[in-house]
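Colleague: Got a structure here, written out as structure tokens. Questions coming.
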Amino acid sequence: MRNRTAAFVFPLFLVISAVLVGLRAAAAAEGGEPGAAKVVWHVDFGSPRRLSAMIQNVNNMVTTYQENLQDYDVRIVFLAAGIRFVTEDPLAKTPFAEDKALKARRGELIQRLQQLRQLHNVKLELCEITREAIGLRKEKVIEGVEPVRSGVVRIAELQSQGFAYLKIE
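The sequence shown runs -21 to -1, 1 to 148 under mature numbering (1 follows the signal peptide of the UniProt record, and there is no 0).
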């Protein structure tokens, strides 16, 4: 009887393993690990208050994923007025020039963005069309921000890969 059970259980184990490997491969082919949360945040606004609220939401999100041992891929895509938050340059004589509110909070906001990147592996991406349009040199962008040709195209690409779209109001 024992040999019959082993003869039945082992092939069953192989079939289940093959199915699981196949499901994992299919999920990887679709652009992610099974169960991985994928989220893109859209930053095209210049309000330090809104960015601060968004950073808190992103932090709460990734902390929850970590507590639940869930894999995640969270991106923040900056374009248009959002460029204000990924440089220490005052952007004088541009539509995105520093104002009193930004000047007062810029250091804190940049530090919080860097913490999201360094501690929680949140990816920061900047629209090159915006950067080039205002003449901001690449070396003026804060460390760890990856260039993307078009911010809106990047967001659309990520959505087509299954990323949820979020924007703080």
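C-beta atoms are modelled at their ideal positions from N, C-alpha and C, and glycine is treated no differently.
Buried or exposed, going by whether 16 or more other CB atoms sit within 10 Å of the CB of Gly130?
Modeller: In the sequence shown, the residue the question calls residue 130 occupies position 151. Gly130 comes out buried.
Colleague: Classify Ala71 as helix, strand or coil using the three-state DSSP reduction.
Modeller: On the sequence shown, position 92 is the one that residue 71 refers to. Coil at Ala71, not helix or strand.
Colleague: Grab me the residues of His99's own chain with a C-beta within less than 6 Å of its C-beta, minus the 5 sequence neighbours each way, in chain order.
Modeller: Counting from one through the sequence shown, the residue named residue 99 turns up at place 120. So the list reads Val41, once near-sequence residues are dropped.
Colleague: Determine the burial state of Arg128: buried for a count of at least 16 other Cβ atoms within 10 Å of its Cβ, exposed for fewer.
Modeller: Stepping through the sequence shown from its first residue, residue 128 is reached at position 149. Exposed is the call here.
Colleague: Should Leu48 be labelled buried (16 or more other beta-carbon atoms within 10 Å of its own) or exposed?
Modeller: Translated into the one-based positions of the sequence shown, residue 48 becomes position 69. Exposed, because fewer than 16 other Cβ atoms sit within 10 Å of the Cβ of Leu48.
Colleague: Rank Pro27, Glu148, Gln138 by C-alpha distance to the C-alpha of Arg84 and give the top, closest one.
Modeller: Here the question's residue 84 lines up with position 105 in the sequence shown. Selected option, being the one with the closest Cα: Pro27.
Colleague: Residues in its own chain within less than 7 Å of Ala8 by CB, not counting five upstream and five downstream?
Modeller: Residue numbering aside, residue 8 sits at position 29 when the sequence shown is read from its first letter. Caution is warranted here: a pLDDT of 43 is assigned to Ala8, below 50, making its placement in the model unreliable, and the coordinate value is therefore given only provisionally. The answer is none, since no qualifying residue turns up.
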